Each structure stands twice: as structure tokens, then as C-alpha cells.
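Step one of this worksheet: look at the structure below.
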Amino acid sequence: MRVGIRPQIFTRSVSSLKNIILKVDERPVELRGLDVKAEKISISGDTIGFNIAAYKNSTDETLADVLRRLPGINVSHNGQIFYQGEPISKFYIEGLDMLKGRYGIATNSLHPDDVSSIEVMERHQEIEALKEFSRSDRTAINVKLKSSKRGVWIGSADLAGGIEKEGVWDGKLLLSRFRKKSQQLGLLQTNNTGKDPSIGFRSFGATQDRLPSPLADITLPKPSLSEEHTYTHNKDIASSINMIQSLSEKTVSGFNFIMTKGQELLKMHEISTHILPNGQEVRFDEISDGAKQSNEYAGMLHLNVNKAERYVDTRFSIDLGKRESTVDIQAESPYKVSQKETPISLSHKLVWTEVFDQIGLNFKSNNSYFSFPQHLLLNDKSQVLREQSWHGDYALDLSIRSLIPHTQTSLGISCKNETSNMETKTHKIRKQQLQAEITPEIFYSRRKVQWSSKLKVAYTSLYLMNSEKSQYQKITFEPDIYFSYVPDRYLSFDVAYRHSTQTPDIRMLYDVPLYTGHRTSSKYQGILFQSSVHLLRGRINYKDVRKMLFGSLSLNYTNNAPKYLFGNKIEADTVTFTSHSTDRRATVWTAGLRLSKGFFLKSLKLGLETTYTKIQGPLLLQDQIVGQKTELSSLRADLSLNPNSFTEVALQSEAQGIKSHIDMGQSLPSILALNTEARIAIKPSEQLHLVLDYKHFYNNSNTSVPNFHLLNAMIQYKINKIGLYAKVQNLFDQKTYRHTRTNRFSSYETLYDLRGRMVLIGIRFKLI
Numbered sequence: 081m082r083v084g085i086r087p088q089i090f091t092r093s094v095s096s097l098k099n100i101i102l103k104v105d106e107r108p109v110e111l112r113g114l115d116v117k118a119e120k121i122s123i124s125g126d127t128i129g130f131n132i133a134a135y136k137n138s139t140d141e142t143l144a145d146v147l148r149r150l151p152g153i154n155v156s157h158n159g160q161i162f163y164q165g166e167p168i169s170k171f172y173i174e175g176l177d178m179l180k181g182r183y184g185i186a187t188n189s190l191h192p193d194d195v196s197s198i199e200v201m202e203r204h205q206e207i208e209a210l211k212e213f214s215r216s217d218r219t220a221i222n223v224k225l226k227s228s229k230r231g232v233w234i235g236s237a238d239l240a241g242g243i244e245k246e247g248v249w250d251g252k253l254l255l256s257r258f259r260k261k262s263q264q265l266g267l268l269q270t271n272n273t274g275k276d277p278s279i280g281f282r283s284f285g286a287t288q289d290r291l292p293s294p295l296a297d298i299t300l301p302k303p304s305l306s307e308e309h310t311y312t313h314n315k316d317i318a319s320s321i322n323m324i325q326s327l328s329e330k331t332v333s334g335f336n337f338i339m340t341k342g343q344e345l346l347k348m349h350e351i352s353t354h355i356l357p358n359g360q361e362v363r364f365d366e367i368s369d370g371a372k373q374s375n376e377y378a379g380m381l382h383l384n385v386n387k388a389e390r391y392v393d394t395r396f397s398i399d400l401g402k403r404e405s406t407v408d409i410q411a412e413s414p415y416k417v418s419q420k421e422t423p424i425s426l427s428h429k430l431v432w433t434e435v436f437d438q439i440g441l442n443f444k445s446n447n448s449y450f451s452f453p454q455h456l457l458l459n460d461k462s463q464v465l466r467e468q469s470w471h472g473d474y475a476l477d478l479s480i481r482s483l484i485p486h487t488q489t490s491l492g493i494s495c496k497n498e499t500s501n502m503e504t505k506t507h508k509i510r511k512q513q514l515q516a517e518i519t520p521e522i523f524y525s526r527r528k529v530q531w532s533s534k535l536k537v538a539y540t541s542l543y544l545m546n547s548e549k550s551q552y553q554k555i556t557f558e559p560d561i562y563f564s565y566v567p568d569r570y571l572s573f574d575v576a577y578r579h580s581t582q583t584p585d586i587r588m589l590y591d592v593p594l595y596t597g598h599r600t601s602s603k604y605q606g607i608l609f610q611s612s613v614h615l616l617r618g619r620i621n622y623k624d625v626r627k628m629l630f631g632s633l634s635l636n637y638t639n640n641a642p643k644y645l646f647g648n649k650i651e652a653d654t655v656t657f658t659s660h661s662t663d664r665r666a667t668v669w670t671a672g673l674r675l676s677k678g679f680f681l682k683s684l685k686l687g688l689e690t691t692y693t694k695i696q697g698p699l700l701l702q703d704q705i706v707g708q709k710t711e712l713s714s715l716r717a718d719l720s721l722n723p724n725s726f727t728e729v730a731l732q733s734e735a736q737g738i739k740s741h742i743d744m745g746q747s748l749p750s751i752l753a754l755n756t757e758a759r760i761a762i763k764p765s766e767q768l769h770l771v772l773d774y775k776h777f778y779n780n781s782n783t784s785v786p787n788f789h790l791l792n793a794m795i796q797y798k799i800n801k802i803g804l805y806a807k808v809q810n811l812f813d814q815k816t817y818r819h820t821r822t823n824r825f826s827s828y829e830t831l832y833d834l835r836g837r838m839v840l841i842g843i844r845f846k847l848i
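First residue of the sequence shown: 81, per the working numbering; consecutive thereafter.
Dropping the structure here:
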């Protein structure tokens, strides 16, 4: 490396304000044996940059593997990204929001070798026109690619085959291109190893998954294990096509398409004991074989204009599916249950913002429709249920700046209209809701302080046609106050108070009995009501970017007036879900502490998160309202470390405790659960890797077998862009998993059949 300039002396007059140009002569000096490395972390304004090369390991296969190692960032098992304990609001690739909340498609597919850096954008306001009008406490992530990977096609494939009791396969194909004005990404996944490929397709943004779950869900419950491939027999295929195109400098359009198709088998043996109101004990011993087939499709067209004076975002979405489930139950009285569903959902969303000097106008509309036919067959009993819903939500906000220095005032007007139907062969239930709101707001911002106060005045009108017709009308006042103080670049404080009201879904209002399973039904009182919630939240955030130290302390208090409680009542061999009115309130206290520290030494990251929650309020048991007190505590720690050049270690452990007491004079057994995951990679050379994944699950309620161990192993050899590997899952060849749970009137012991030892041989390679 050659650096340096020749020493020179310049004499110039600085009396004028003109620019002064100094030209220097180079004097190259060669520095031998010097390595220049980029910073691991940097900060510019509200943006924190992480240099991916400083955090990735040679065994990393996806971007998510590296994200888990960044200080201040956590990635959940389902792929959702959290920064400082809060979920991110936006995920960009090279500044474009192509995936619309389904960012797991990218994080679980992009290779870290193709990524240059990760930008964490705090206080992110995506709407350019509103940056001077509204505050934002949201966080977004932007993925920056290496210059050599921009504008070219990037492709990779992962193909594996092997044997368990029968042949198994696992495959993934990725093809993508990220240009300055356009992006394309296609992904295809298939396997019968037990993995759910659609997990990476879930939406974590404003566009949530729209297909609802059925009212009667007969699919078998899954055990509390994070490793689905240990207990699920499946045949799945999932694909996604995504594209975004710049039409002009500030206008983009695109589309997203997702298809999932799968078959799933699950077997369980459950022994349950229930105490009836008369003191009689009922016991069920059932072996269930469940099968499920599903085909689901989701598509979206979107257009976005993001100018300094105008913002337009419009989206058309369609979701449809077909699901069929059957469960054969071997018991004293055998059952066969089958179910068919064909849901469809249509929606259109529009956001339009205009700015005129000191005035801002923001219009929002959200229109949706869904139809959900469901056919349930219980032996010779048949139930056909059709759900339909139309929803329209319209809002107009007017904002004015500088009436008073450093303040802005706004006035919001909104209208919501919803019609819902539930129809069987003999009954029809209809709910109509109209809600009109007016919300004045004052917002103050100066240097280190932000403060806002708004008061929503809402008129709600409900109409219900059930066995009898009923109406409900009410005017509510719902204040919302927020205060934020940022004394320096390290600390920030914020306090918020909010009062909100909620109206019941139509599924909580029908007063005719409906089957919801082979031994469960539901029947509610069918009375209109409106619950209210008071929320008080305080939070302290700390970050020292240079020292890679992130932390937060939070305290939340919730006071809820539910008006109606929902519970179950056990009668003979049937469990009925019911409702009951109440004037009692429920309170929830939650305290949380989060710390995350990165170290330059050995690429070490330490994370700690602990929460404590206390719940006190009414509970509906056997048609009786009783008081309950529940305490929940959790402690989560994670560590990643490269102790030397040939070893990588990652450890994550979470302990959870639950302690409950009800007014009937009985404390329920305390529950302690501990989940530990450890990953060790040994690298005798740059090409050869041995990876061990160990998981331990402990639950003291599993009295007979409280501990469960699982070990997976993989050996991989890399040659340039090709990796050959052999993988063994469930190395201990665990056959069953036992899970027990209990409450005041019931106890359950469930035995799940697990998949045996599985051997896979595969190849990973880059296509381009």
C-alpha cells in the first residue's frame, strides 16, 4: 500500500468568503505488512451501519445467520426481526421495499457473501411529504449489496436427498437481480423432511396475512418444540415471485406472488382428565391420526409515489386457498372428523398525501372482503358454515405547521363501516358496525423534546341480528399522549398513555350452538358490548454505537374492562365455549430489561433479555367468574463467539416460569420451562466444516420425562462456489415426545410420535 503527500506551505488571504483551493503533490510511501480493515459498526445521523464482513462466519448460509449476530438485533424462530426489542417496520433491499413485509423470503435466501452492509434506520419516516409533519419512532432495515452483485443475476441452489424409513428430499432454488431501478427475486422450495417452507413467506409488515383460521379447527395441536421436522410428516412445495420497477425517479410499481401446497401428517396419543361441576371425574384416552392438505395463493399489485410534496401508495391484494383435514380418533367411542374450507380475501388499500407549504392533507382508505365457506363432518353430524365480511375504513387528516413556534396542529376525521355474516342451514347471524371519529392533535418538537396530545371522539353504532335483534350506540372519548426526551446521542426516554375501545367480532356474538371440534362446541350470549383498555408505557433506550452496546428498560401497565369473559364449560363428554358478563377489571404489569453487547475480540456478542409480568383479573371457569393471579417471568441469553480461527460457537437459552392462583383456594402447579440451543462449528480447514446443533427442552410439568434432547450433525466440504454436505437429523433417534399440562379442572398428558433418524446428502452451489 502506498500513501502520503509532499509537505508544502501555503499562504493565502482569507478576507473574502470565496472558496480556497489548495493543490498538493503526492509523495507515495509504501507500507509493508499492513492490513486495512473496515469498521464493524458506524453511525451517521439516525442510521447505524453494520459491516457484514466483520460479523459473518464461513459456515453462514443465509443473511438471517448473520443478523442474529449483530448487537441490538434479534431474529425470532419464525424469522421476524427485532431491534431493541421492538419489531422493525420496513425492510428494504438497496432502498426499495420489494417484499412488502414478507422479508423472510430475503433473509432466509440471500447469501451473506453477496451483502456488503446492513443499515438500521431509527426514527424512520417512509413518507417524504410527512417528515416535517409527524414524528416516527419506527425502525427500518436496509440491505446494501456488494457493488459486484448489483445489476447482475444472483442464483443459488441447495439439493439434498436421503433416507429415513423411506426416501426424503429437501431442495431450494433462488434467482434474483437487484438493479438501481428494478429488482426481481424468485424462490422455489420443496421438502418432505418436516420443514414448513412457508414460514419464510409470513408477513410482518402492514400487509398482514389475510386468510383467517376456521371457526372449527380440527388440526391436531403441535408439541412445544421449535424443530418441526422432528414430528411432522409432510410433502410441501412453496414458491414466490417478486418484482419492483422504477417508473420515474420517485415512482415505483411491482407485484408479489406466493404459492404454497402441502400435505401434513401428525399422530398423537392423549389422556385427559376433567372434573365436572358435580365433582364427577371424566377420563378420555384417545389416539389421533391427523392429515391435512392445503393449497394457498396470494398476489399483490402495488404502486408507490414518494415525492417531497406528494405521496401515493395503492395496493390490490387477493388471497385464496383450499384446505382439507381429517382426523381418525381411536377411543371408547371412535370418531372420524373431516373438514373442508375454501377461503378467499380481496382488499384494496390507498394512502394519498399532499403538502401545500404549511398545510398537509393525508387520506387513507382500506376496503376488504372475505368469504369463508366451511364444511365440518363429525361421524354422521354435518355442519355447513359460511362467513362473509365487508369492511371499509376511510380517514382524512389535516395538518397545519407553525401556528405556534415549534408546533403543528392536526385534525383527523374517519369513518368505518363493517358488515359481517355467519350462516348455517338453520340460522343466520348478521352484524353491522358504523363508527365515526374526529381527532384533534397538537404536536410539539424542539431540539431534544417531542410531545403530542390527541383526543379521539368516537361515535359507535352496532346492530346485531341473532336469535333476537339488538342495537348498541355509544360516544367515547379516547385520549392519546406521548412524550419523548433525547438528552444526548446515547439516551432516549419516552412515555405514552392511550385509552382505546374495542368492539366484539361476530365470532364472539352468536347464540346458537356450533361445533368447533369432535368434542367441542361453542355458544355465546350474543349481546353487543364495547370493552375499554387503558395503557401506560415508559421506556428508556441506551446505545453506544462505537462500543456496540445497546440496552433498554421498559415498564407497561394495562387496565382492561372486558365487559364479557370467555371460557369453557365441561359437561359429560363435551366441552362448550361460553361467555358471561362482568364488571370486574383486569390489570397487567410488565417490566423488561434488554442488553446486547458486541466485542471486537473474538467476534463476541452477548445478549440478555428478562421480563416479568403480573396479571390480576377475572376468569371464567365452569360458568363461574373467579379471580386469578398469574406471574410470568422469563430470562433469555444468547452468545456467539469465535474463540479461534477453526471454531465457532453460538448458544441461546431461555427460561420461563409461570405461577398461578385462583380464588377457589387452589394454587396451580408452577411451571418451569427451559429451552437451550447450542451450535458448534469446527473448521479443520477453510474447505472442511463440521457443525453440531444440540437442543435441550426441559419442562417440570412433564413429570415422567422432563428432559428432551435433540442432536443434528452436518459435515460440509466447499470447493469454490460448490459445497458438498452430509447431514444427520435426530441423531439420538428419539421416538416420542411427552407433554403434560394442567389447570383447575383438567389435566392432559400427550404423547407425540416423532420422526426417526434421518440422513441427507446434498450439494449447495451458486448458479451464477
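Every residue, glycine too, gets a C-beta built ideally from N, C-alpha and C.
The structure displayed is predicted, hence computed values, not measured ones.
Between T340 and M838, the gap from beta carbon to beta carbon reaches 8 angstroms or more. In the pairwise beta carbon analysis, the region 654-661 is classified as touching the region 596-611: at least three pairs are separated by under 8 angstroms. Beta-bridge partners assigned by DSSP to N755: E734 and F777. V385 sits buried, since 16 or more C-beta atoms from the chains shown fall within 10 Å of its C-beta. I555 and T581 have their alpha carbons spaced roughly 11 angstroms apart. The alpha-carbon of R759 is positioned some 45 angstroms away from that of D560. A direct Cα-to-Cα measurement between P520 and N648 gives close to 42 angstroms. Note on geometry: alpha-carbon atoms of Y570 and D477 lie some 34 angstroms from one another. Judged by DSSP in its simplified three-state form, M339 adopts strand. Where V625 is concerned, there is no enclosing alpha helix (DSSP H), because DSSP gives it neither an H nor an E. Membership of V200 in any alpha helix (DSSP H) is not indicated; the residue belongs instead to the beta strand (DSSP E) covering V195 to M201. Residue pairing by DSSP places E421 opposite R403 and Q454 in a beta bridge. Judged by DSSP secondary structure, L535 falls outside any alpha helix (DSSP H) and instead within the beta strand (DSSP E) spanning V529 to M545. K226 is a Cβ neighbour of V195, given a cutoff of 8 angstroms. N810 sits buried, since 16 or more C-beta atoms from the chains shown fall within 10 Å of its C-beta. In this structure, I742 lies away from N780, with their beta-carbon atoms at least 8 angstroms apart. Taking the C-beta atoms as reference points, S278 is found no nearer than 8 angstroms to L265.
Residues of the same chain with a CB within less than 6 angstroms of the CB of S713, apart from the 5 flanking positions on each side, are Y692 and G737 in chain order.
In this chain, the alpha helix (DSSP H) harbouring I185 covers G184 to T187.
Judged by DSSP secondary structure, V146 falls within the alpha helix (DSSP H) whose first and last residues are L143 to L147. Q553 sits exposed, since fewer than 16 C-beta atoms from the chains shown fall within 10 Å of its C-beta. P192 is positioned such that its CB atom lies no closer than 8 angstroms to that of V232. Excluding five sequence positions before and after D718, the CB atoms of its chain that fall closer than 6 angstroms to its own CB belong to G687 and Q732, given in chain order. The alpha carbon of P593 has as its nearest neighbour, out of E329, F825, T506 and I367, the alpha carbon of T506. By the criterion of at least three beta-carbon pairs nearer than 8 angstroms, the region 418-430 is in contact with the region 441-449. I243 is classed as exposed because its beta carbon has fewer than 16 other beta carbons within 10 Å across all chains shown.
The C-alpha of N271 is placed about 41 angstroms away from the C-alpha of E329.
Under the three-state reduction of DSSP output, L327 falls in the strand class. Checking the DSSP bridge columns, you'll see F657 partnered with S602 and N648. In the DSSP assignment, M178 falls outside any beta strand (DSSP E) and carries neither an H nor an E. Look at L608 here: in three-state DSSP terms it is coil, with no helix or strand label. Under the 10 Å beta carbon count, V785 is surrounded by fewer than 16 other beta carbons and is classified as exposed.
With fewer than three CB-CB distances shorter than 8 angstroms, the region 721-732 does not count as touching the region 698-711.
According to DSSP, V248 shares a beta bridge with G242.
Under the three-state reduction of DSSP, L291 is assigned to coil, being neither helix nor strand. Residue range E361 to N386 is occupied by the beta strand (DSSP E) that includes H382.
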